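Reviewing the structure listed below.
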Amino acid sequence: MQSKVVKTVCPFCGVGCGMYLARDSEGKVCSVTPQWDHPISKGKLCDKGWSTVYAVSPENRITHPLKKEVDKFVPVSWDEALSSIASSLTEIIDESGSGAVGVISSARATNEDNYAAQKFARSVLKTNNVDHCARICHSPTVAGLKQVLGSGAMTNSTDDVFKADVIVVIGADPTENHSVLGGQVIEAKLAGATLIVVDPRITRLAKLADIHLQLNPGTNIALINAMIHVILGNQWHDQDFIERRCEGFETLVSHVDKVTPESVEEITGLEPLLIRQAAQYYSQAERAMILYGMGITQFVTGTSSVMALADLALVCGHIGKPGTGINPLRGQNNVQGACDMGCLPNVYPGYQLADQQATQVRFSHAWGTKVAESTGLTSLGMTKAALAGQFRAQILFGEDPVVTDPDQNHVREAYKSLDLLVVAELTMTETAKLADYILPAASFAEKSGTFTNCERRVQRIRPLIDPPGEAKGDWQWLSALAEAMGSECLKWPDSEAVFDEMASLTPPYQGMDYHKLALHDGLQWPCNDEAPQGTRILHQSTFPIGRARLTPVNYVPIDESADEFYPLLLTTNRLHFHYGCGSMSRKSPLLERETPPGILFIHPVDAEALSIEPYGPVGVRSRRGYVETRAVITKDVAPGLVSMPYHFKEAPSNQLTNTAQDPVTKMPELKACAVAVVALPAD
Ligand code: SF4
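Residue numbers (the working numbering): 1112 to 1794.
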């Protein structure tokens, strides 16, 4: 029997579906019900959402602080763990400076937790070494859209798919990763919208699309520049919009002058006619909307690819109106919020630049202590510095970089080399296994706070049950750790007080409070005096930078192509039934039974040439590692291309992936590397 029900938000992907969570009379989470009147999900949940009960089940939870002694973990009190961690951090900072310590926060934690994490780094540790998994998903979105439009977030709202005449889905697979939104794209298509899908794989949406541009991996910029060339050549651009609202048009015109569809045919692998058709559909539509994902960002050209997409939208005037815009699909439930909170080395909350004196003065004054001044390291920068002996202590929560970061062997070695690794987690992860201390964290069902979804909607979550054992919320243990280090800076009575402090220092959130958020089922930022009810569509009359900056970019090939030693190209993908490193979704027996733990998708032609049987065991080798898994033979990948999901620690695709990085954001090229595949003897 249900004894309590709370209204909350799905803890999985960035769509942010609404749900009611119930507990039984024994205090266990027992059921999930979709919120029928939720502004985004409107009574729907995907398989992951329905499995939320398992994600927070008490089985295998870490319930007490643990300390590593030789090769096993032993329980210790919070006081002992925190005072020992505080002493080690102080000693390391005294010996090696604040640059030798850092924080990795979590896109699965609340805004309040993330705000506390960056405040702890900047005001207590005195370092800008703070980052989170946006580094490996949408850091190019933040940088690229900020450069062109002045703001790095989804410009429109998710239900704009129902207002668009043309929907372009590029480098994204929403029926797998953002399933409720993926379903809405299908509904919009069935209601008459034209669907263009750009993807090297034949995704579910690609099968339904009016045009599928099955391009070679990493050739997005060549395609987009060719589309802009066609649009300009046919006078299909929006001259009035460009004159009123953009700068840099003449430079863009000359930049794409020679980039004809024919000139990029070999690079992209696309028929010029298809490129021309896509350019015509997109530019000639009254309202055309771009949805994109990590097939845009996870390349060495991630930031440039985002800028190219923004250029395309601008030249057609498809921005600032319903059913248009450039819309990144954020992966994790609160990755937008973790970025908004300033859990990035170069920005404070609200994207206030960390290296500007005005920002430092503002936050030093507000927090009552001098904040960090020196430039911070990214998550991969911290890993690299650790391997070089220049980085000694990492505080990390709610992430599993050993599974999710590229070149897993390197990451493992880096974490092993640290003098202090502290991991706060719900359950034992591959990264937690390497920790000196593991702190028991509270799940989303056990705390109060907010998540910000991919359409900038800030939504309340509410506690249903108490944390198990001695588990604590992340801002609470960060506050206790700050106190153990002699700082009162993170003392708050409750989550609402954290939010109120954050909102007072974060311009886009300034008009929000818990009461207003509850009243409106969330509000979309910016929410302030000019927009007290929030903002559904950005850039309607002006850009934060005045005029948008059209920014020409060049196609650059992927870092590692197939060759005679590694003759196939590997890309990575995600599966409908799993999420991230699998630590939440794999707790569900219903989700777990849907796929074997590890899959390599391979085309029949390649499978036959390599004598690989359906579901047969295969070995996959790259220049960085080796993985054994099972083959799924499918025409959904092109000949010469193989694809692996990264959810499974039994077959970690990140043993293989490349660490070559986007020069602007240090985003690694997770979407393409060269591999060799061999059939293994049957079991
Ligand atoms: Fe949860 Fe995303 Fe599925 Fe919605 S689409 S139920 S937010 S996993």
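For glycine and all other residues, C-beta sits at the position ideal for the given N, C-alpha and C.
Since this is a predicted model, take the numbers as computed values, not measurements.
Does the distance from the CB of residue i to the CB of residue j come in under 9 Å?
i: P1122; j: F1474; result: no
i: L1491; j: D1511; result: no
i: V1786; j: D1422; result: no
i: L1711; j: S1754; result: yes
i: T1414; j: M1130; result: no
i: I1278; j: D1310; result: no
i: Q1741; j: L1767; result: Note that residue 1741 is Arg in the sequence shown, not Gln. It is not a contact, given that the beta carbons lie outside the stated cut-off.
i: I1173; j: P1574; result: no
i: V1426; j: D1349; result: yes
i: P1756; j: H1714; result: no
i: A1197; j: P1439; result: no
i: T1305; j: Y1226; result: no
i: A1302; j: V1308; result: no
i: I1723; j: D1271; result: no
i: E1607; j: I1576; result: no
i: A1553; j: D1585; result: yes
i: R1134; j: K1115; result: yes
i: F1502; j: L1529; result: yes
i: T1706; j: L1781; result: no
i: A1245; j: L1455; result: yes
i: K1481; j: K1237; result: yes
i: H1687; j: K1159; result: yes
i: M1596; j: L1200; result: yes
i: A1232; j: N1239; result: yes
i: N1288; j: G1127; result: no
i: E1176; j: Y1548; result: Checking the sequence, you will find Pro at residue 1176 rather than Glu. Cβ distance < 9 Å, so P1176 and Y1548 count as in contact.
Under the three-state reduction of DSSP, which class applies to residue i: helix, strand or coil?
i: D1182; result: coil
i: C1141; result: strand
i: F1352; result: helix
i: Q1258; result: helix
i: P1715; result: helix
i: I1173; result: coil
i: R1233; result: helix
i: D1451; result: helix
i: H1521; result: helix
i: M1418; result: helix
i: S1780; result: For the record, residue 1780 in the displayed sequence is Glu; it is not Ser. Note: E1780 maps to coil in three-state DSSP.
i: H1340; result: helix
i: S1207; result: helix
i: D1135; result: strand
i: C1124; result: strand
i: R1732; result: strand
i: K1583; result: strand
i: Y1690; result: coil
i: E1484; result: coil
i: V1253; result: helix
i: L1381; result: coil
i: I1710; result: coil
i: V1789; result: strand
Given 8 Å as the limit, tell me if residue i has its C-beta closer than that to any heavy atom belonging to the ligand MG.
i: S1615; result: In the structure on display, the ligand MG does not appear, and the ligands it does have are the ligand SF4.
Taking DSSP's pairing of strands, which residues face residue i in a bridge?
i: N1438; result: L1402
i: Q1395; result: DSSP, once it has assigned bridges, lists no residue as partnering Q1395.
i: Q1130; result: A small fix is needed here, since residue 1130 is Met in this sequence, not Gln. DSSP, once it has assigned bridges, lists T1119, P1145 as partnering M1130.
i: E1358; result: R1660
i: Y1459; result: Q1463
i: R1568; result: Q1635
i: T1682; result: S1754
i: Y1726; result: According to DSSP, which records beta bridges pairwise, Y1726 is partnered with nothing at all.
i: V1279; result: I1307, I1401
i: Q1505; result: G1213, L1532
i: Y1165; result: BP columns for Y1165 are empty, so no partner.
i: D1242; result: I1215
i: G1804; result: Residue 1804 lies beyond the range of the chain shown here (1112 to 1794); nothing can be said about it.
i: L1550; result: A1535
i: L1324; result: V1309
Are the segment 1212–1225 and the segment 1374–1388 touching, with three or more C-beta to C-beta distances below 8 Å?
no
Near the ligand SF4, which residues have their beta-carbon less than 5 Å from any of its heavy atoms, given in chain order?
C1121, F1123, C1124, V1126, C1128, L1156, C1157, K1159, G1160, S1290, V1291
For the pair the segment 1449–1469 and the segment 1283–1298, tell me if three or more CB-CB distances fall below 8 Å.
no
Cβ pair count under 8 Å reaching 3, the segment 1362–1377 against the segment 1328–1346
yes
For the segment 1669–1678 against the segment 1767–1776, are there 3 or more C-beta pairs whose distance is under 8 Å?
yes
Count the C-beta pairs between the segment 1140–1154 and the segment 1462–1477 that are closer than 8 Å, then say yes if the count reaches three, no if not.
no
Answer yes if the segment 1254–1263 comes into contact with the segment 1652–1662, meaning at least three C-beta pairs across the two stretches below 8 Å, and no otherwise.
yes
When the Cβ atoms of the segment 1533–1546 are set against those of the segment 1498–1510, are three or more pairs found closer than 8 Å?
yes
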